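Protein sequences appear in the order of chains A and B. The working numbering puts the first residue of the first sequence at 506, with every later residue one more than the last. The working numbering puts the first residue of the second sequence at 506, with every later residue one more than the last. Cβ atoms here follow ideal geometry from the backbone N, Cα and C, with glycine treated the same way. Keep in mind it's a predicted model, so treat the numbers as computed, not measured. Before any comments, here is the structure.
There are 2 protein chains.
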Amino acid sequence: MKKSPVMKTPKGFFFSVTEAAIKKPGRKDFALIFSEVEASVAGTFTTNAVKAAPVQLCAQKIKAGWGQAIVVNSGNANACTGRQGMTDAKNMVAKVSGHLGISTSLTYICSTGVIGTPMPMQRIIPAIGPLAGGLGNSSFDGVAKAIMTTDTFPKIASRTVRIGGKQGVIAGICKGAGMIAPNMATMLCFILTDIAVEKKTLQAALRSSVKKSFNRITIDGDMSTNDTALMMANGILGNEPLTKNSAEFSSFQEALDDLAYELSRLIVKDGEGATKLVEVIVKNAWNEEDAEKAALAIANSSLVKTAIYGNDANWGRIMAAAGYSRARFDPEKTDIFFNKVRVVRKGVMNNKDKEATEEIKGKELKITVDMHAGKASAKVLTCDLTEDYIRINAEYRT
Amino acid sequence: MKKSPVMKTPKGFFFSVTEAAIKKPGRKDFALIFSEVEASVAGTFTTNAVKAAPVQLCAQKIKAGWGQAIVVNSGNANACTGRQGMTDAKNMVAKVSGHLGISTSLTYICSTGVIGTPMPMQRIIPAIGPLAGGLGNSSFDGVAKAIMTTDTFPKIASRTVRIGGKQGVIAGICKGAGMIAPNMATMLCFILTDIAVEKKTLQAALRSSVKKSFNRITIDGDMSTNDTALMMANGILGNEPLTKNSAEFSSFQEALDDLAYELSRLIVKDGEGATKLVEVIVKNAWNEEDAEKAALAIANSSLVKTAIYGNDANWGRIMAAAGYSRARFDPEKTDIFFNKVRVVRKGVMNNKDKEATEEIKGKELKITVDMHAGKASAKVLTCDLTEDYIRINAEYRT
Chain A
506 MKKSPVMKTP
516 KGFFFSVTEA
526 AIKKPGRKDF
536 ALIFSEVEAS
546 VAGTFTTNAV
556 KAAPVQLCAQ
566 KIKAGWGQAI
576 VVNSGNANAC
586 TGRQGMTDAK
596 NMVAKVSGHL
606 GISTSLTYIC
616 STGVIGTPMP
626 MQRIIPAIGP
636 LAGGLGNSSF
646 DGVAKAIMTT
656 DTFPKIASRT
666 VRIGGKQGVI
676 AGICKGAGMI
686 APNMATMLCF
696 ILTDIAVEKK
706 TLQAALRSSV
716 KKSFNRITID
726 GDMSTNDTAL
736 MMANGILGNE
746 PLTKNSAEFS
756 SFQEALDDLA
766 YELSRLIVKD
776 GEGATKLVEV
786 IVKNAWNEED
796 AEKAALAIAN
806 SSLVKTAIYG
816 NDANWGRIMA
826 AAGYSRARFD
836 PEKTDIFFNK
846 VRVVRKGVMN
856 NKDKEATEEI
866 KGKELKITVD
876 MHAGKASAKV
886 LTCDLTEDYI
896 RINAEYRT
Chain B
506 MKKSPVMKTP
516 KGFFFSVTEA
526 AIKKPGRKDF
536 ALIFSEVEAS
546 VAGTFTTNAV
556 KAAPVQLCAQ
566 KIKAGWGQAI
576 VVNSGNANAC
586 TGRQGMTDAK
596 NMVAKVSGHL
606 GISTSLTYIC
616 STGVIGTPMP
626 MQRIIPAIGP
636 LAGGLGNSSF
646 DGVAKAIMTT
656 DTFPKIASRT
666 VRIGGKQGVI
676 AGICKGAGMI
686 APNMATMLCF
696 ILTDIAVEKK
706 TLQAALRSSV
716 KKSFNRITID
726 GDMSTNDTAL
736 MMANGILGNE
746 PLTKNSAEFS
756 SFQEALDDLA
766 YELSRLIVKD
776 GEGATKLVEV
786 IVKNAWNEED
796 AEKAALAIAN
806 SSLVKTAIYG
816 NDANWGRIMA
826 AAGYSRARFD
836 PEKTDIFFNK
846 VRVVRKGVMN
856 NKDKEATEEI
866 KGKELKITVD
876 MHAGKASAKV
886 LTCDLTEDYI
896 RINAEYRT
């Protein structure tokens, strides 16, 4: 696997963006991804009981494991929109498929934006012709811009992997989940590759990557009504389709893991109002579930996050969050580090608060909790909690 | 049960407060509650795996169900202080008991404040003599003031109940849990009564009241390392000790429920940085557990809380929070109200956002989610999330 210095786009994919003035005019808010051939498609979706219409639709389509197009809009999530929402989503899929001349079963749909407002179909429908007709007018980067909501920068990354002597490309874009840790603003991620991958293998590979990336930047990775990660593998590279038994599968998985982690990191870095990126590592936990529970509780604690914002090495809040996480551990055996500074030794303070405060002042911080209980570990990314988060979210809809 | 216009204190209890300069000088931070006779004692404690030394000690003592004194300090939580913390707590109990001339088993201890800093015993020990000697120098209200941390006002309430032709008094004080909803600042509550109550009955009555009051103002009611509710019934009224079979038990329980609810409401009202009190009611849920899960998820959602702060009737965030709560319900049957304004009818918007926005502008708001799934309901109190919360918690320790 190679991280290329310039962004690469896999072969055989085309892009289009246009303005449909879905929430308001003045920006490209409607995008299309198209593969010149049918592709294997994998997907993971929110487990929220309230699923947006597009999510319900994609979850049905994904069962076949094939696809060729993804249509996506920002400005409106088409969630909590009842039967009309489902009718609208199906209508968008039908119109896009008609223009592209493909079966509706091959067109996937995603929406992000405000919940509970009907889709402005009177503006969307007329934009579909120009959108489909404009394929090639934009880039993957252009799509990354079109799907932004409160994101402050587009999120895009790529990797190359050698498969059968040829260079395959995996590229991905995503949009942020607002305040990452405790809540439900939508995360969308699209990953494209020209490497041929057998569809069940693709689904397993994506699920595995998402588990250690996007699912470790939120409470449980699937809070929103719209969260979706879709991956298309169109096989234009011409390799024998990868299966778990392929010699090159592990490098493929490794590249995908790495790509997904980089994208998820960009989301946290762009957390609403965030000034710091914080990596919470719980190590030597009883098992991985305990490690993950504790790391998520710490990463989601408003008190921990505000303390970090205030440059306060308030490790008591970290210990208490681990304590209520239901992870099994003995506080009196536990060490806590801010970067390399051990602030807690065996559950009590280590008189290093001054040194720790200096560490917190940086733009990036690593909090390590060593439970000395077992051998499992988990890593969760989060950010600090600031006044700007409140301002952004108190004003988001109005 | 009667809510008296003036605060009443049950007979046979004495109070003392003094300054021990535990965190810093300049305020009375050390308090003592004493019953002239041995009393039945009940208690509920944090279920956090990280329990402060005083909590561990009280949890042991409560098994006997008897007590006569409660010593309490603010400024230091004596949590994450290891063996020294336990030694210090026991030492405080021993010194207080010695001055009062009672068995150490009858003295309970509570602490609240910063986590992880050793107790300043050099200042605490000399203050114990004056504290015990000063019994009668203060009131229950004085103790309420002494236990405040980031609270902006003391919290105190009382009820009277007629038992056997005589008027019994139940009075309670508490201190706030910082930001109520998502976290772990300490909640302390002390309830005193002169009504005689059999000790097992007292424990069951307290647990029942706490379940519907203090446990419904936080994620699960027991997040902090120090949360404690203690209740003493000294029987000075002279009634036959109440049991569950007593004719007057139900009025006693009702008064206690009502008192605990009022105290918990005061805590939310004083939530850090809060400008609004919000009651989240989930009704017609499948069962009580589902109702509680959904109500807590909504009440704890940072996005819901910031929207309320911003006077935005963003009901989509409420629906999404219910959706990720794991409560069983059908979004397409669900109605949502802001006070009496129905913003959502059968899962979709009801074009009442403007009217709802007017409702939100008040100081108190009632959000009702009607699931039309069953007959159970739950009520959770919360507050809005503001920039001031961030400021208070970013600066709390420094």
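Nearest-angstrom Cα separation, counted from residue j out to residue i
{"i": "B/Ala-686", "j": "A/Ala-594", "result": "At B/Ala-686 the pLDDT is 41, less than 50, meaning the model places this residue with poor confidence and gives no usable figure here."}
{"i": "A/Val-601", "j": "B/Ala-802", "result": "38 Å"}
{"i": "B/Asp-656", "j": "B/Cys-888", "result": "14 Å"}
{"i": "B/Ile-630", "j": "B/His-604", "result": "12 Å"}
{"i": "A/Ile-633", "j": "A/Thr-733", "result": "22 Å"}
{"i": "A/Asn-789", "j": "A/Met-854", "result": "20 Å"}
{"i": "B/Leu-890", "j": "B/Ile-741", "result": "44 Å"}
{"i": "B/Lys-507", "j": "B/Gly-639", "result": "32 Å"}
{"i": "B/Ser-807", "j": "A/Lys-568", "result": "34 Å"}
{"i": "A/Asn-739", "j": "A/Ser-663", "result": "16 Å"}
{"i": "A/Ala-779", "j": "A/Ala-899", "result": "16 Å"}
{"i": "B/Met-736", "j": "B/Trp-571", "result": "10 Å"}
{"i": "A/Ser-610", "j": "A/Lys-566", "result": "6 Å"}
{"i": "A/Gly-867", "j": "A/Val-785", "result": "15 Å"}
{"i": "B/Val-598", "j": "B/Arg-833", "result": "48 Å"}
{"i": "B/Asp-835", "j": "A/Gln-589", "result": "16 Å"}
{"i": "A/Gly-618", "j": "B/Ser-769", "result": "36 Å"}
{"i": "B/Ala-861", "j": "B/Glu-777", "result": "25 Å"}
{"i": "B/Arg-831", "j": "B/Asp-775", "result": "29 Å"}
{"i": "A/Asn-498", "j": "B/Val-787", "result": "For chain A, the structure presents residues 506 to 903; residue 498 of chain A sits outside this window and is missing."}
{"i": "B/Asn-642", "j": "B/Val-576", "result": "15 Å"}
Beta-carbon spacing of residue i, residue j below 9 Å
{"i": "A/Leu-782", "j": "A/Gly-677", "result": "no"}
{"i": "A/Ile-538", "j": "A/Ala-584", "result": "no"}
{"i": "A/Ala-800", "j": "A/Lys-884", "result": "yes"}
{"i": "B/Cys-563", "j": "B/Gly-548", "result": "yes"}
{"i": "A/Ala-812", "j": "A/Ala-818", "result": "yes"}
{"i": "B/Ile-661", "j": "B/Phe-757", "result": "no"}
{"i": "A/Ala-582", "j": "B/Gly-828", "result": "no"}
{"i": "A/Lys-851", "j": "A/Asp-840", "result": "yes"}
{"i": "B/Glu-863", "j": "B/Lys-845", "result": "no"}
Heavy atom of the ligand FMN within 8 Å of residue i beta-carbon
{"i": "B/Met-653", "result": "Absence of the ligand FMN from the depicted structure is noted, as is the absence of any ligand whatsoever, leaving it without description."}
Partners in chain B for residue i, counting only beta-carbon separations shorter than 7 Å
{"i": "A/Ser-729", "result": "Ala-825"}
{"i": "A/Ala-790", "result": "Per Cβ cutoff of 7 Å: no residues; A/Ala-790 is ~13 Å from chain B at best."}
Identity of the residue in the options nearest residue i by Cα
{"i": "B/Leu-707", "options": "B/Leu-747, B/Gly-621, B/Lys-680", "result": "B/Leu-747"}
{"i": "A/Val-666", "options": "A/Lys-704, A/Lys-705, A/Lys-717, A/Ala-752", "result": "A/Ala-752"}
{"i": "B/Val-702", "options": "B/Ile-865, B/Asp-875, B/Glu-869, B/Ser-545", "result": "B/Ser-545"}
{"i": "B/Gly-669", "options": "B/Asn-744, B/Ile-620, B/Ala-599, B/Met-624", "result": "B/Asn-744"}
{"i": "B/Met-624", "options": "B/Thr-549, B/Asp-699, B/Asp-534, B/Gly-673", "result": "B/Asp-534"}
{"i": "A/Phe-518", "options": "A/Leu-636, A/Ser-644, A/Ile-614", "result": "A/Ser-644"}
{"i": "B/Thr-551", "options": "A/Asp-858, A/Ala-826, A/Asn-642", "result": "A/Ala-826"}
{"i": "B/Leu-636", "options": "B/Ala-525, B/Glu-543, B/Lys-516, B/Arg-831", "result": "B/Ala-525"}
{"i": "B/Ile-911", "options": "B/Trp-820, B/Asn-856, B/Met-692, B/Ile-527", "result": "No answer is possible for residue 911 of chain B: it lies beyond the span of chain B, which begins at 506 and ends at 903."}
{"i": "B/Asn-578", "options": "B/Lys-704, B/Ser-713, B/Lys-859, B/Met-653", "result": "B/Met-653"}
Three-state class that DSSP yields for residue i in the structure shown
{"i": "B/Thr-791", "result": "Note that residue 791 of chain B is Trp in the sequence shown, not Thr. In this structure, B/Trp-791 counts as coil in the three-state DSSP scheme."}
{"i": "A/Thr-691", "result": "coil"}
{"i": "A/Gly-673", "result": "strand"}
{"i": "A/Gly-634", "result": "helix"}
{"i": "B/Phe-719", "result": "helix"}
{"i": "B/Thr-733", "result": "strand"}
{"i": "B/Met-854", "result": "strand"}
{"i": "B/Ile-786", "result": "strand"}
{"i": "A/Gly-548", "result": "strand"}
Partner residues on chain B for residue i, Cβ-Cβ distance less than 9 Å
{"i": "A/Val-619", "result": "Asn-819, Gly-821"}
Chain-ordered neighbours of residue i on chain A, where CB pairs are closer than 9 Å
{"i": "B/Arg-896", "result": "Thr-811, Gly-815, Glu-892"}
{"i": "B/Val-853", "result": "Cys-585, Thr-586, Gly-587, Arg-588, Gln-589, Gly-590, Gly-621, Pro-623"}
{"i": "B/Ala-558", "result": "The premise fails here: B/Ala-558 is roughly 11 Å from chain A at the closest Cβ pair, so nothing lies under 9 Å."}
{"i": "B/Asp-804", "result": "As written in the sequence, residue 804 of chain B is Ala, which differs from the Asp given in the question. Per Cβ cutoff of 9 Å: no residues; B/Ala-804 is ~13 Å from chain A at best."}
Chain A contact residues for residue i, given Cβ-Cβ distances below 8 Å
{"i": "B/Pro-836", "result": "Ala-554, Val-555, Cys-585"}
{"i": "B/Ala-861", "result": "Those do not exist, as B/Ala-861 stays about 12 Å from chain A at its closest Cβ, beyond 8 Å."}
Within chain A, the residues that residue i reaches when beta carbons sit closer than 7 Å
{"i": "B/Gly-828", "result": "Asn-553, Ala-554, Val-555, Thr-730"}
{"i": "B/Ala-599", "result": "Here the premise fails: no neighbours, minimum Cβ distance about 22 Å."}
{"i": "B/Ala-796", "result": "Chain A residues near B/Ala-796: none, gap ~14 Å exceeds 7 Å."}
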